[in-house]
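Residue numbers for the sequence shown follow the working numbering, so the first one is 4 and each next one is one higher.
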Amino acid sequence: MASKVYFIKADIREGEKVISEKSVKLFKAGDFGRCFKKNDFTAVKVHVGEGTNTTYIKSPCFKGLVEELLELGTKPFLTDTSTLYTGRRHNGIDHSVLASEHGFDINGLGIPFIIPDGIFGTSEVAVEINGELNKAVSIAYDIERCQSILSLAHFTGHIATGVGATLKTLGMGCSSRKGKMRQHSALKPSVSDKCTLCGECYKHCPADAITLDDVQAHIDEEKCIGCAECVAVCRFGAVQYDWKAQNQELQKNIAEHTAGVLKGKKNRAVFFNFLLSLTKDCDCFNTPDMPLITEDIGIIASTDPVSVDKAGVDLVEEKTGKKLPEILGNERLDPKYQLEHADKIGLGSQKYELLKVD
Ligand code: SF4
Ligand code: SF4
Numbered sequence: 004m005a006s007k008v009y010f011i012k013a014d015i016r017e018g019e020k021v022i023s024e025k026s027v028k029l030f031k032a033g034d035f036g037r038c039f040k041k042n043d044f045t046a047v048k049v050h051v052g053e054g055t056n057t058t059y060i061k062s063p064c065f066k067g068l069v070e071e072l073l074e075l076g077t078k079p080f081l082t083d084t085s086t087l088y089t090g091r092r093h094n095g096i097d098h099s100v101l102a103s104e105h106g107f108d109i110n111g112l113g114i115p116f117i118i119p120d121g122i123f124g125t126s127e128v129a130v131e132i133n134g135e136l137n138k139a140v141s142i143a144y145d146i147e148r149c150q151s152i153l154s155l156a157h158f159t160g161h162i163a164t165g166v167g168a169t170l171k172t173l174g175m176g177c178s179s180r181k182g183k184m185r186q187h188s189a190l191k192p193s194v195s196d197k198c199t200l201c202g203e204c205y206k207h208c209p210a211d212a213i214t215l216d217d218v219q220a221h222i223d224e225e226k227c228i229g230c231a232e233c234v235a236v237c238r239f240g241a242v243q244y245d246w247k248a249q250n251q252e253l254q255k256n257i258a259e260h261t262a263g264v265l266k267g268k269k270n271r272a273v274f275f276n277f278l279l280s281l282t283k284d285c286d287c288f289n290t291p292d293m294p295l296i297t298e299d300i301g302i303i304a305s306t307d308p309v310s311v312d313k314a315g316v317d318l319v320e321e322k323t324g325k326k327l328p329e330i331l332g333n334e335r336l337d338p339k340y341q342l343e344h345a346d347k348i349g350l351g352s353q354k355y356e357l358l359k360v361d
């Protein structure tokens with residue numbers, strides 16, 4: 004059966020207040036309040052944007068949705084786990100300070116920002132899923148314990164998975180450090196002869212997996228945790244992956260970790276994708292004014308995490324007249340693997356009905 008995906012046109016240039024009001028319109032049109040109950044601990048999954056990133060979705064855009072949850076009598080908290088790669092979201096303390104600077108806290112939105120896997124990313128619980136790649140997955144403890152989730156994802160391109168949207172924000176963004184390492188374990192980069200010995204990858208590798216000799220950088224596969232930091236920082240295109248095989252496994256792993264995040268929360272979770280400021284790379288990039296892949300499209304929401312991502316991909320492809328790998332300039336970056344696997348393991352459906360809201 005096709006799932007319902009609600010869609011409203013929007014453009015970030017309309018202003019944060021209008022984006023907030025349009026989000027509430029979608030919330031009401033989908034009757035999503037039914038998924039949240041009085042006294043629920045409700046995780047509001049956000050991405051606060053890396054330090055100098057300017058294209059993440061700003062906190063005032065979420066004000067209306069937070070107010071809806073408060074009116075329903077839930078105990079909502081803004082949340083995100085810390086990252087494997089270095090940067091201002093690398094541990095719970097730096098991440099919380101950055102969240103406050105970007106308005107994701109009690110002063111900005113009237114509810115606290117709480118890291119769900121602890122300061123060091125080790126507060127976790129193993130959730131049994133009996134998937135194809137994982138019998139159990141390591142999920143952030145406070146995400147597993149809460150009763151309901153409102154996921155607010157910025158839809159963007161992604162360097163390793165084609166798109167970063169709901170499945171990515173939940174599968175990777177709600178896993179503990181161990182869960183993230185498990186998902187990335189198949190991604191092992193190598194260094195080509197384009198290397199200029201600039202040393203940036205060596206400085207940023209969180210696993211001390213990189214050494215430099217007189218000619219180029221080298222990666223120790225045994226130590227590498229596959230976090231892709233070296234790919235992100237190399238300005239010379241010298242770090243390469245065997246994208247095809249490994250990218251597929253990463254995407255399947257993301258779908259299985261999302262299944263762990265949502266286990267026991269059927270009809271207790273709502274997923275928003277913001278197709279605004281559609282950048283080629285995700286909000287983890289510590290880069291201002293990143294180039295856009297297309298003009299703003301709008302906001303979509305559903306109780307089906309697979310449908311909402313499939314609808315996002317379709318809307319972007321319809322708008323550009325191109326397939327995602329072509330848009331991203333890399334034929335191997337096709338998000339279809341996460342969608343197909345998520346559908347196969349029963350996380351949701353790729354079949355959906357798009358309901359337009361004025
Ligand atoms: S070598 Fe591995 S662990 Fe180090 S930055 Fe690159 S992907 Fe991450
Ligand atoms: S960042 Fe790129 S060019 Fe610089 S040392 Fe690493 S692989 Fe070589």
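Beta carbons: idealized from backbone N, C-alpha and C, even for Gly.
The three-state secondary structure of Leu68, taken from DSSP, is helix. Across the set Thr125, Lys359, Gly349, the C-alpha of Gly349 shows the shortest separation from the C-alpha of Met4. About 5 Å separates the beta carbons of Leu29 and Tyr9, which is inside the 8 Å limit, making them a contact pair.
Uninterrupted alpha helix (DSSP H) stretches at least 4 residues long and entirely within the segment 194–230 occur at 203–207, given in chain order. For ligand 2, no non-hydrogen atom lies closer than 8 Å to the CB of Glu232.
When rounded, the separation of the alpha-carbon atoms in Glu203 and Gly267 is 43 Å. Rounded to whole angstroms, the Cβ separation of Leu173 and Val264 is 5 Å, and the two are in contact under 8 Å.
Collapsing the DSSP output to three states places Thr45 in a strand. Inter-segment contact for the segment 223–240 and the segment 108–115 is absent: fewer than three beta-carbon pairs are separated by less than 8 Å.
Contact check for Thr164 and Gln341: beta-carbon distance about 6 Å, within the 8 Å limit, so the pair qualifies. Distances from the CA of Glu321 to each of Leu278, Asp361, Glu70 were compared; the closest alpha carbon is that of Leu278.
Shortest Cα-Cα distance from Glu19 to any of Arg37, Gly67, Phe44 involves Gly67.
For the set Ser126, Asn56, Pro192, the Cα lying nearest the Cα of Gly240 is the one of Pro192. By the C-beta criterion, the segment 212–219 is judged not to be in contact with the segment 296–307, since fewer than 3 inter-stretch pairs fall below 8 Å. Remark: the C-beta of Ile162 is outside contact range of ligand 1, defined as less than 8 Å to any heavy atom. Counting other Cβ atoms within 10 Å of its Cβ, Gln251 reaches 16 or more and is therefore classed as buried.
With respect to the C-alpha of Asp346, the residue from Leu101, Thr82, Ile162, Ala258 having the closest C-alpha is Ala258.
With fewer than three CB-CB distances shorter than 8 Å, the segment 217–224 does not count as touching the segment 302–309.
A Cβ-Cβ distance of about 11 Å is found for the pair Val51 and Phe65, leaving them out of contact under the 8 Å criterion. With fewer than 16 neighbouring CB atoms inside 10 Å of its own CB, Gln243 falls in the exposed class.
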